[in-house]
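Chains as they are written, first to last, in this note's numbering: chain A, 1 to 263; chain B, 264 to 631.
From the three backbone atoms N, C-alpha and C, an ideal C-beta is built for every residue, glycine too.
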Amino acid sequence: MAQVHEKTIKRADPPHAAVTGIVVYPMATVAKQFVKSLWRPSTILYPFGERLENEDFRKSVKVASGAPIGVGEIWDNYRGVHALNIKTCISCNLCAFSCPDTCIEMVPVDTGSGKTKKCPEIDYGKCSFCGFCSDACPEGCLTMTPGYTITTNRRGNMVYSPERLFEVYKGKLPQNPTSLAAPENEDVILLDQDLCIGCNACSRDCPTKCIRMIDIPKPEAKAGEKLPKRIWKEPSVNDSECVRCGTCISVCPRECLYWGARK
Amino acid sequence: MTHGLWNLRIKVDGELIVDADPEIGYLHRGIEKICEYRRYNEVVTLMDRTCYVAGIAWEQLYIMAAEGALGLSPPARAEYIRVLSQELQRLSSHIMWYAAYVQDIGLMTPFLYGMRDRDLILDLFQSYTGARMTYEFMRVGGVRNDVPVGFTDRCRKVMDWLDQRIPEYEKVCDNSTIFLDRTKGIGILKAKECLNDGITGPMLRAAGVARDIRRDRPYSVYPELDFDIALYDEPDCYGRYRVRMEEMKQSVRIVRQVLDWLDRNPGPVLAEKVPRFVGTPSPPPGKETYVERRGYPKGRGFSSMEEPHGEAMAYIINEGAEHPYRAKLRSPVFVNIAASKDYLVGYRVSDIPAIMGSVDVCVGESDR
Chain A
1 MAQVHEKTIK RADPPHAAVT GIVVYPMATV AKQFVKSLWR PSTILYPFGE RLENEDFRKS
61 VKVASGAPIG VGEIWDNYRG VHALNIKTCI SCNLCAFSCP DTCIEMVPVD TGSGKTKKCP
121 EIDYGKCSFC GFCSDACPEG CLTMTPGYTI TTNRRGNMVY SPERLFEVYK GKLPQNPTSL
181 AAPENEDVIL LDQDLCIGCN ACSRDCPTKC IRMIDIPKPE AKAGEKLPKR IWKEPSVNDS
241 ECVRCGTCIS VCPRECLYWG ARK
Chain B
264 MTHGLWNLRI KVDGELIVDA DPEIGYLHRG IEKICEYRRY NEVVTLMDRT CYVAGIAWEQ
324 LYIMAAEGAL GLSPPARAEY IRVLSQELQR LSSHIMWYAA YVQDIGLMTP FLYGMRDRDL
384 ILDLFQSYTG ARMTYEFMRV GGVRNDVPVG FTDRCRKVMD WLDQRIPEYE KVCDNSTIFL
444 DRTKGIGILK AKECLNDGIT GPMLRAAGVA RDIRRDRPYS VYPELDFDIA LYDEPDCYGR
504 YRVRMEEMKQ SVRIVRQVLD WLDRNPGPVL AEKVPRFVGT PSPPPGKETY VERRGYPKGR
564 GFSSMEEPHG EAMAYIINEG AEHPYRAKLR SPVFVNIAAS KDYLVGYRVS DIPAIMGSVD
624 VCVGESDR
């Protein structure tokens, strides 16, 4: 005959002990840690105490040779998500050109007054955060910020449109411009006058409007020869305003513009 | 020791190894070929990925060869910042090796010590390059930016800290019977065999051969700095460990001299002759080539340097285009792994982690 063991349920502790053990102690610990975390960082870099040791260091933002690189604290120079100031972008295409990973595409953006202009769209799935684009930006409108939280679960979310990069800019994170000053003997844009047809394409597409079409005298036709079919104008580049983007060279239909040193 | 990125096929007789055949190539990305399609400066992004524990060493290697090919030279301050980066990178690479190697052998404490102190050096890197592992800092004709104000004091603080820590690293290992039993007399490769196999770096110096490119074929500003070559006369795993520890002390010594120099001598960090971009689009007018129009000569550039793992070399042919015609890299780890049969045969299977770890394998740079 099977024996039936009676299970006697014996409560070891009085009922209020369970409440204390399950609710009160953990809650007290959480509250204690929470209060602690209000004035103490959870991680301290061990040998040197707190990282934010020198508030003045952040304000005295300088570099020994004079050119600024972001701000002083170590995480402020970090090259993370880009910030784009849409308003000052001149659509020069230099960021897309200088990108080694071809992750920048120039897409049209509505400027508000009915017109559109092209601004960089960055695919962070390809970006290697090298900073060549922000180094190349002649206007300083594309910079890098310490933001690094770009993880998503959708591949499409890795593509940051210009508007989204503008949101980062408005977040007022520290920026890492490293705007390298243009060297004095930089190459300029030169014109092969025999090939030019005066078509105005370079002047029309120049992002800084530094190319002006100037009139040239129409020569006398020699006997038995026809004058070339062209408009009697040719471009004149203002070197001080030129940002060396090369747009004029790439739009020229006759390939008459080229890089060289001005004599 | 870089687990999982390469294979080691061994033939055993019981416990004894009688043959060994390393199998690499799982991390091959064709970096040398991609170099031929990128402008000189843009290759820097690839060089960081070549060796992921010593990225800035490979950046400088490539940039030095490119400068040779283009006939440019960086200003003095840029050279000193480069040397500073090299020695900080050597410290971080050796500390990383120490952390991983001693953990492979069975001690856990050094791993925690090493990873913590390496982080201080990565913080220093971040403060002036802007990244912790992929720096993208070197440029043809100099470096990207100067060090920030207050950097030298920060760096000195870390060096003082490492001065205390490195003897402690040694104490942990030298007082451990497990460590000594597993490294002493294991993985012996004598000096003659090392030279025959083309082995370089700490492995060669542990065998007693005083060969260091920083002294033998000096590059950058190393001739002006005062340092000793780390040597040891027992060509086993323990000797390689001693050499790396001594090299770290010498690196701290070099970093201090460089910091003193940087404090005294302000100046530009990018050569003036260098245009903003080395390589801007341009259709060819007439017959002259790109580099002729830029005022650079056609040429060939060769550079060699003492990388943390050994002697690395780069050779670049500049045929006048805006990107190199051919780029060749010589990886020290490739050679060191290739000779693994010579120092594995005769030991036991359980010695393999100790022996291969002491080589300091970085598969990224051997596969390229």
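Partner residues in the beta bridge of A:ALA83, as assigned by DSSP, are A:THR143. Remark: C-beta atoms of B:LEU370 and B:ILE441 approach each other more closely than 8 Å. Within the stretch 98 to 128 of chain A, SER98, CYS99, PRO100, ASP101 and SER128 place their CB atoms closer than 9 Å to a CB of chain B, listed in sequence order.
For A:LEU191, there is no enclosing alpha helix (DSSP H); the enclosing beta strand (DSSP E) has its first and last residue at 188 to 191. Listed as beta-bridge partners of B:MET568 by DSSP are B:ALA575. In this structure, B:LEU351 places its C-beta atom within 8 Å of the C-beta atom of B:LEU387. Looking at the backbone, the Cα of B:PHE414 and that of B:MET310 are separated by about 25 Å. A:ASN153 and A:GLY125 have their alpha carbons spaced roughly 12 Å apart. Judged by beta-carbon spacing, B:ALA473 lies beyond the 8 Å limit of B:VAL506, meaning their Cβ atoms are not closer than that value.
In terms of Cβ geometry, B:TYR303 and B:PRO531 do not form a close pair [threshold 8 Å]. Comparing alpha carbon positions, the residue from A:CYS137, A:PRO146, A:GLY171 and A:THR143 closest to A:ARG244 is A:CYS137. Of the candidates B:ALA575, B:HIS572 and B:ILE579, the residue whose Cα lies closest to the Cα of B:GLY562 is B:ILE579. Interface residue (Cβ-Cβ distance to chain B less than 8 Å): A:TYR148 is not classified as such. For A:ASN93, there are no C-beta contacts with chain B under 9 Å, since the nearest C-beta of that chain is about 10 Å from it. Under the three-state reduction of DSSP output, A:THR151 falls in the coil class, being neither helix nor strand. Distances from the alpha-carbon of B:VAL598 to those of B:LEU488, B:ARG419 and B:CYS457 put B:CYS457 closest.
Residues of the stretch 276 to 294 of chain B whose Cβ lies closer than 7 Å to any Cβ of chain A: none.
By the criterion of at least three beta-carbon pairs nearer than 8 Å, the stretch 600 to 617 of chain B is in contact with the stretch 445 to 455 of chain B. With a threshold of 8 Å between beta carbons, A:GLY131 makes contact with chain B. Under the Cβ criterion of 8 Å, A:ASN238 is not counted among the residues facing chain B.
Annotation for B:VAL521: TYR343, VAL346 and LEU347 place their beta carbon closer than 6 Å to its own, counting only its chain and skipping 5 residues before and after.
By the neighbour-count definition (other C-beta atoms within 10 Å, threshold 16), B:GLY277 is an exposed residue. No Cβ of chain A is located within less than 8 Å of the beta carbon of B:SER348.
Nearest to A:LYS117 by alpha-carbon distance, out of A:ASP101, A:MET213 and A:ASP205, is A:ASP205.
The alpha carbon of A:PRO217 has as its nearest neighbour, out of A:GLY246, A:LYS233 and A:LYS209, the alpha carbon of A:LYS233. B:GLU570 and A:VAL159 have their C-alpha atoms spaced approximately 37 Å apart.
Against chain B, the beta carbon of A:ARG79 has neighbours under 7 Å at GLY393 and ALA394, listed in chain order.
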